[in-house]
Amino acid sequence: MRSPRQPSGEEVGIVGASQHPSLFPEGRPRRSFWILVVVVLAAAAMGVLTGTRAPQKRDPFIDAQRDSAASGEAARSYAELRLGRRGPNGAIYSDAFERLRQAGPGLLDPIEPQTEADRQAALAARADRRAYAGAPPVVPHAIDQRSPGACLSCHETGATIGGKVAPAMSHERFPVCVQCHAAAKTSVPAVDVPPSVAVETTFAGSSEPGPGQVAWEGAPPTIPHSTLMRENCSSCHGPLGKHGLRTPHPVRTSCTQCHASGSSFDPGRAPQ
Amino acid sequence: MKRRELLQAAAMAGAVAAVGRLALGQGAQKALPVVRDVQWEKAPCRFCGTGCHVMVGTKNGKVVGIAGDPKAEVNRGLLCMKGYHVGLALYGKDRLTHPMLRKGDGFEPISWEKAIEIIARRISDDPAGFAFYGSGQWTIPEGYAAQKFMKGGLANNHIDPNARLCMASAVTGFLATYGVDEPAGCYDDLDEADVVITWGNNPAEMHPVLFSRILDRRARGEQVEIIDMETRRTRTSEHASRHLRFNPQTDVAIANCLMHQLVEAGTYDKAFVADHCAFRGESAPRSLQGDAISFDQFRQGLSKFTLEYTSKLSGISEGDLRYLASLFADRNKRITSLWCMGMNQHTEGTAINSLVHGLHLLSGHFGRPGDAPTSLTGQPSACGTAREVGTLCNGLPGGLVVTNPEHRKESEQFWNLPPGRIQEKPGYHTVQMWEKFSTPKHQGGDISTIWVQCTNPGQSLPNTNKLFYPSRKIPGKFLIVSDVYPTETTRHADLVLPSALWVEKNGMVGNSERRTQQWFKMVPPPGEARDDCWQTIAVARKLHELGHPGMKDKDGQFLFDIKDASGKSAAVWEWKNYYKVNVDEALFEEYRPFSRKKHKDLAPYGEYVKARGLRWPVVQQKDGTWRETRFRFSAFDDSYVTSGKAIQFYHSPTKDDRAQIWLRDYQAPPETPSTEFPLWLCTGRVIEHWHTGSLTMRIPQLRQAMPNAYVELHPADARRAGLGNGDLALLETRRGKLTLPVWIDGRGAPPEGTVFVPFFDERLLINQLTLDAHCPFSKQPDYKKCAVRVSRAARR
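So the sequence lines, in the order shown, correspond to chains W and G. Numbered by the numbering used here, the letters in the first sequence go through residues 1 to 272 in order. Numbered by the numbering used here, the letters in the second sequence go through residues 1001 to 1796 in order.
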């Protein structure tokens, strides 16, 4: 299926040919005629070439809106998909995200003092988005239902936008974020039917067991939690982490050089 | 308390106090419960048929956390959003905690003793009118106890599981092709395939852990081509290399067309076919067995499935049909086909299952890692219980069937029953069972009592206005339901029994890749909730006390007379004794000999305690160890293949080691869109919810992500009906009507002419609209296509 916006090559060629007889004068053709012939042939040739050129890459969003006969589609990169979802004018938005990003604190910027109360407040805010310590956090904003990789725009490296922090992923990159992370704000249109099942739960999830052990004042604390799916310490403890959980020395990025692992919290460990 | 703990407790007390002060200031923060010393233990996830293992964190008799199990081969430490929240499934506030008997419009709590007696009396009053409706969520021992109780004890074959609605067509497809059920390959194929074809399948939402296992390979730089054969654009399509849209029901024609091209071009695998295959076609009348046909007849039969004919019928372009055939013609590529409900919930379910197996066999894309036709299951033990324990109306454990006199005799010997106890005639399959229950006795409705365990037919049966609700108004029909929460089924029941759930009991299940898994009870069930298996054994014992002769074996011993370590009867029918012995282990060891009848060998119970599941056949080695089998019928891995053969279909239906390549003609669907009902209605699931949502709708994180059902519409269809996003649409079929909010360009995007509705929401019951037409051989209904009309609904 070709886009109706693109006149096909064959059409261009036929238009050229149909003009041909009317331009045939009696007697010897004049010089201007030959110029016309060359022009017409050139137009026809271009038309044929345009027609045989591979069709334009199609837009999955627009395709899905078209008829059901559409079938077969080449793979596209995440960038193309992101762009494609915005329609024909997508290009003008291509650096919008970069423009929105605010400069965050750098590794060498001074850290504000943090108290135990700050730490507890940060943990409470964390727990609000998790069923238990170690649960995948829910997504506190609406999500695009069918855009693989869209989450990575902000969460791959972390970002500050409009004063809000999008934390970097704490784990290695997995291909489908929404496999584990449920949206806390649904985009499903609501319907006015009363809930028929209990919405309350009596589940009380485990909380973060911390703080870590400190052998003497000034010693590096041990890691007080499992590091399963939490290999990237800077996600929570880096400069974009919540106030109360940040490391006082973000410039030192090899955390486990000094902080002993929390393997005793590892759920993979055999029961004692 | 150790010094360290004391210090931590003191620090924590100070911290909590600090938060308290903070909370007074800000009003929003809450103090966190401090949970330490969590015990972690393995269990398979309670939800789908993937069979991920989770680590369950418990403390003080409660589940407090979940983690992906890094030791599990299936999921390698990762889960999906349902798996990560599976522990919360136990803790909805409205758990059923007491047996309840209907009284007028409501229920009154009764004792377990009375409840068990009521069931036993219902059965002894009309033994032939009793039916057991079970589930692919029955654990293996639960299903085994129900199976033995019905077919071995009551000599009654009216036992069928909800798996009839889920994978019966997969079973008939395997039987028709290989003569024995369940896939030859396993999930390892997903790590090796160059091409993965999803046939009407959306694993990105329904088997997310398996789908991301494929995508992970791309992230590692491997090339995997994913071809999504779809009737609706889904999250799977978004990741696919190509998505090919076909018209509903025409997958049968597509498979035939691909085989037609391979045969005509001579690009099929001639050596593989000559050595290992035979051809089979339709008999008159049509049957599951069919008739043997020659290659020429096969070729002739395929000849109508030309590119032109198939393209016109299916909507897939000739170029794409040619491309698909070229993939199968290329023996250097490894191709895995995946399917689930799209092919199974199909009035030609047996046909399309057989044809996709046939396509792989014809092209030789079989038996090498990565080359596999793999059927996925939807329930945690659809394979382990419904299929392997055979809790189907014609089944016996281990792949045996009631219609075979040898099989009945062997089963009677295993169970030590007098000859002739097991009946030859298959019982009622699911649709029949509920139809008979919803028909008055004088009109032939000879089922008077149904006991439902682990499933919710009031929501999940098709066409419930015909199959479910009428029974509730017919005097003398008695519905017993064992469940963990109130559901559409319990609300209409006469007797409701509270059950233990998941890690509140011991269990064993079997996943899609023949993997048998085990877990131990970790926390107590709430209130008076008790194991389903105990409930069955207690009713059997009550019938024994009432003098039912079937409850004894031929030596006069009770059917479930489980012994303790000293050899004395453990009297497990008394709840106080039930966990004094391991009933699961006793029943599993009793069941194991059946598994050897069709080379589905299971290892001793203790092996499963140690493992994260083992794939059968699990064969004991000379050194005494037990070895699982990843690739069945292939000499390099399956020890049952005779030495010297590369591939051997040792349960061939033709008894000559040959698998059958089927020719099944295209049949039009029973109901198609018309002027009156111009659109297709397709139903299915979403990633957040599992089946009827009775567990997942009680998990806040999942419920808030997907709080209600909706109808997906194509913008053009919406425009015609005057509907926009969020408007209320009225859906009407010949069977029922329902009002739903419209979601355009939401989770999925159906093509023009198709609407999609998920079935998880018990307030918006789409199965009042669906069709109960089913595959003639598997008896599995088609939930994926019927005719519907959509209009603007009056405001509620």
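Glycine is no exception: its CB is placed at the ideal position from the N, C-alpha and C atoms. Just so it is clear, the structure is predicted and the values come from calculations on it, not from any experiment.
- Report the three-state DSSP secondary structure of glutamine 1621 (chain G) (helix, strand or coil). Start at 1 with the first residue of the second sequence, and residue 1621 (chain G) comes out as number 621. Of the three classes helix, strand and coil, the one that applies to glutamine 1621 (chain G) here is coil, per DSSP.
- Message: Can you check which of these residues, W:Ala125, W:Ile143 and W:Gln145, is closest to histidine 243 (chain W) by C-alpha distance?
- Response: Residue 243 (chain W) sits at position 243 when you count from the first residue of the first sequence. Nearest of W:Ala125, W:Ile143 and W:Gln145 to histidine 243 (chain W), Cα basis: W:Ala125.
- Work out the CA separation of phenylalanine 1366 (chain G) and proline 1373 (chain G) for me, nearest whole Å. Residue numbering aside, residue 1373 (chain G) sits at position 373 when the second sequence is read from its first letter. Residue numbering aside, residue 1366 (chain G) sits at position 366 when the second sequence is read from its first letter. Their Cα atoms are separated by approximately 7 Å.
- Using a C-beta cutoff of 8 Å, does valine 1742 (chain G) count as contacting chain W? In the second sequence, counting from the first residue as 1, residue 1742 (chain G) sits at position 742. Answer yes: the Cβ-Cβ gap between valine 1742 (chain G) and chain W drops below 8 Å somewhere.
- Do you know whose CA, among G:Arg1368, G:Glu1410, G:Gln1423 and G:Asp1564, lies nearest asparagine 1394 (chain G)'s CA? Here residue 1394 (chain G) refers to the residue found at position 394 when the second sequence is read from its first residue. Sorting G:Arg1368, G:Glu1410, G:Gln1423 and G:Asp1564 by C-alpha distance to the C-alpha of asparagine 1394 (chain G) places G:Gln1423 at the top.
- Counting along the chain, where does the alpha helix (DSSP H) carrying arginine 1235 (chain G) start and finish? Along the second sequence, read from residue 1 onward, the residue named residue 1235 (chain G) stands at position 235. Boundaries of the alpha helix (DSSP H) harbouring arginine 1235 (chain G): 1235 to 1239, taken from the DSSP string.
- Query: If threonine 1139 (chain G) sits next to glycine 1507 (chain G), beta carbons under 8 Å apart, how far is it from one beta carbon to the other, in whole angstroms?
  - Reply: Indexing the second sequence from 1 puts residue 1139 (chain G) at position 139. Indexing the second sequence from 1 puts residue 1507 (chain G) at position 507. 4 Å between Cβ atoms; contact.
- What is the residue span of the beta strand (DSSP E) that tryptophan 1451 (chain G) lies within? As a first step, residue 1451 (chain G) is located in the second sequence; it is residue number 451 there, counting from the start. Residues 1449 to 1453.
- Task: Return the chain-ordered list of same chain residues with a C-beta closer than 7 Å to the C-beta of lysine 1148 (chain G), the five sequence neighbours on each side being excluded.
- Result: Counting from one through the second sequence, the residue named residue 1148 (chain G) turns up at place 148. Trp1415 and Leu1559.
- Report back the beta-carbon spacing between serine 170 (chain W) and cysteine 255 (chain W) to the nearest angstrom; my notes put them in contact at under 8 Å. Along the first sequence, one-based indexing puts residue 170 (chain W) at 170. Along the first sequence, one-based indexing puts residue 255 (chain W) at 255. With a Cβ gap of about 12 Å, serine 170 (chain W) and cysteine 255 (chain W) do not count as contacting.
- Which word fits arginine 190 (chain W), buried or exposed, when buried means at least 16 other C-beta atoms lie within 10 angstroms of its C-beta? As a first step, residue 190 (chain W) is located in the first sequence; it is residue number 190 there, counting from the start. Looking at the sequence itself, residue 190 (chain W) is alanine, so the reference to arginine does not match. Answer is exposed; the Cβ neighbour count stays below 16.
- Message: Within the continuous alpha helix (DSSP H) that includes glutamate 1607 (chain G), where are the two ends?
- Response: Reading the second sequence from its first residue, position 607 is the one you call residue 1607 (chain G). 1605 to 1610 is the extent of the alpha helix (DSSP H) around glutamate 1607 (chain G).
- Is tryptophan 1626 (chain G) near serine 1595 (chain G), with beta carbons less than 8 Å apart? For this step, residue 1626 (chain G) is matched to residue 626 along the second sequence. For this step, residue 1595 (chain G) is matched to residue 595 along the second sequence. Cβ distance not < 8 Å, so tryptophan 1626 (chain G) and serine 1595 (chain G) don't count as in contact.
- Message: Report the CB separation of arginine 1280 (chain G) from tryptophan 1690 (chain G) in whole angstroms; it is logged as a contact under 8 Å.
- Response: Reading the second sequence from its first residue, position 280 is the one you call residue 1280 (chain G). Reading the second sequence from its first residue, position 690 is the one you call residue 1690 (chain G). With a Cβ gap of about 37 Å, arginine 1280 (chain G) and tryptophan 1690 (chain G) do not count as contacting.
- Item | Residues of its chain near valine 1195 (chain G), where Cβ-Cβ distance is below 6 Å and the 5 sequence neighbours each way are ignored | As a first step, residue 1195 (chain G) must be located in the second sequence, where it is residue number 195. Cβ contact annotation for valine 1195 (chain G) (same chain, cutoff 6 Å, sequence separation greater than five): Glu1225, Leu1327, Lys1333 and Ile1335, in chain order.
- For phenylalanine 1677 (chain G), which three-state DSSP category applies? Working through the second sequence from its first residue, we reach residue 1677 (chain G) at position 677. Coil at phenylalanine 1677 (chain G), not helix or strand.
- Message: Please report whether the beta-carbon of alanine 159 (chain W) lies at a distance below 8 Å from any beta-carbon of chain G.
- Response: As a first step, residue 159 (chain W) must be located in the first sequence, where it is residue number 159. So, not an interface residue.
- Task: Below 7 Å CB to CB, which residues in the same chain sit around alanine 1540 (chain G) once its five sequence neighbours on both sides are set aside?
- Result: For the purposes of this step, residue 1540 (chain G) is taken as the residue at position 540 of the second sequence. Excluding sequence neighbours, alanine 1540 (chain G) sits near Phe1149, Gly1153, Met1551, Leu1559 and Phe1560.
- Item | Residue span of the alpha helix (DSSP H) that contains proline 1161 (chain G), given as start and end | As a working mapping, residue 1161 (chain G) is identified with position 161 in the second sequence. That residue, proline 1161 (chain G), is in no alpha helix (DSSP H); its beta strand (DSSP E) goes 1159 to 1161.
- Query: Helix or strand or just coil, what does DSSP make of histidine 1492 (chain G)?
  - Reply: Taking the first residue of the second sequence as 1, we reach residue 1492 (chain G) at position 492. Of the three classes helix, strand and coil, the one that applies to histidine 1492 (chain G) here is coil, per DSSP.
- Check whether threonine 1489 (chain G) and leucine 1165 (chain G) have beta carbons under 8 Å apart: The residue given as residue 1489 (chain G) occupies position 489 in the second sequence. The residue given as residue 1165 (chain G) occupies position 165 in the second sequence. No, Cβ-Cβ distance for threonine 1489 (chain G) and leucine 1165 (chain G) is not below 8 Å.
- Task: Find the residues of chain G that neighbour glutamate 200 (chain W), judging by a C-beta separation of less than 7 Å, and give them in chain order.
- Result: For the purposes of this step, residue 200 (chain W) is taken as the residue at position 200 of the first sequence. By Cβ distance, chain G contributes Lys1093.
- Can you tell which of G:Arg1491, G:Lys1477 and G:Gly1476 has the C-alpha that lies nearest to the C-alpha of aspartate 1483 (chain G)? The sequence position of residue 1483 (chain G) within the second sequence is 483, counting from 1. Nearest C-alpha to aspartate 1483 (chain G): G:Arg1491.
- Query: Across which residues does DSSP place phenylalanine 1279 (chain G) in a beta bridge pair?
  - Reply: The count along the second sequence starts at 1 and reaches residue 1279 (chain G) at position 279. Looking at the DSSP assignment, phenylalanine 1279 (chain G) forms a beta bridge with G:Ile1293 and G:Ile1661.
- Message: Here's the rule: buried if 16 or more other CB atoms are within 10 angstroms of the residue's CB, otherwise exposed. What is glycine 1476 (chain G)?
- Response: Start at 1 with the first residue of the second sequence, and residue 1476 (chain G) comes out as number 476. Flag for glycine 1476 (chain G) reads exposed.
- For methionine 1081 (chain G), decide whether its Cβ has a neighbour in chain W, counting only Cβ atoms nearer than 8 Å. For the purposes of this step, residue 1081 (chain G) is taken as the residue at position 81 of the second sequence. Chain W, which has a Cβ nearer than 8 Å to the Cβ of methionine 1081 (chain G), makes this yes.
- Could you tell me which chain W residues have their CB closer than 8 Å to the CB of asparagine 1708 (chain G), listed as they occur along the chain? The residue given as residue 1708 (chain G) occupies position 708 in the second sequence. Those are Val188, Ala190, Val191 and Val193, listed as they occur along chain W.
- Since I believe alanine 142 (chain W) is in contact with serine 187 (chain W) (beta carbons under 8 Å), could you give me their beta-carbon distance rounded to a whole number of angstroms? To locate residue 187 (chain W), count along the first sequence from 1; it is residue 187. To locate residue 142 (chain W), count along the first sequence from 1; it is residue 142. About 5 Å separates the two Cβ atoms, so the contact holds.
- Task: Can you give me the Cβ contacts of serine 1821 (chain G) inside the same chain, cut-off strictly under 8 Å, excluding the 5 residues immediately before and after it?
- Result: A question about residue 1821 (chain G) goes unanswered here, because the residues of chain G that appear run from 1001 up to 1796.
- Query: Starting from glutamine 1039 (chain G) and walking both ways along the alpha helix (DSSP H), at which residues does that stretch end?
  - Reply: By one-based count along the second sequence, residue 1039 (chain G) stands at place 39. That residue, glutamine 1039 (chain G), is in no alpha helix (DSSP H); its beta strand (DSSP E) goes 1039 to 1044.
- Message: What are the residues in the segment 1205 to 1220 of chain G lying within 8 Å of chain W by C-beta distance?
- Response: Pro1208, Val1209, Phe1211, Ser1212, Leu1215, Asp1216, Arg1218 and Ala1219
- Task: Please check if any C-beta of chain G sits within less than 8 Å of the C-beta of histidine 249 (chain W).
- Result: In the first sequence, residue 249 (chain W) corresponds to position 249, counting from 1. Judged by the 8 Å Cβ criterion, histidine 249 (chain W) is not in contact with chain G.
- Query: When the cut-off is 8 Å and only beta carbons count, does leucine 1088 (chain G) lie next to chain W?
  - Reply: By one-based count along the second sequence, residue 1088 (chain G) stands at place 88. So, interface residue.
- In terms of DSSP beta bridges, what is threonine 1139 (chain G) paired with? Within the second sequence, residue 1139 (chain G) is the residue found at index 139, counting from 1. None; threonine 1139 (chain G) has no bridge partner.
- Query: Using the beta-carbon count (16 or more within 10 Å), is proline 55 (chain W) buried or exposed?
  - Reply: Numbered from 1 along the first sequence, position 55 holds the residue referred to as residue 55 (chain W). With a pLDDT of only 44 at proline 55 (chain W), under 50, the local geometry of the prediction cannot be trusted, and no value is derived from it.
- Task: Go to glycine 1349 (chain G), then tell me how far its alpha helix (DSSP H) extends in each direction, as first and last residue.
- Result: Start at 1 with the first residue of the second sequence, and residue 1349 (chain G) comes out as number 349. First-last of the alpha helix (DSSP H) with glycine 1349 (chain G): 1349 to 1362.
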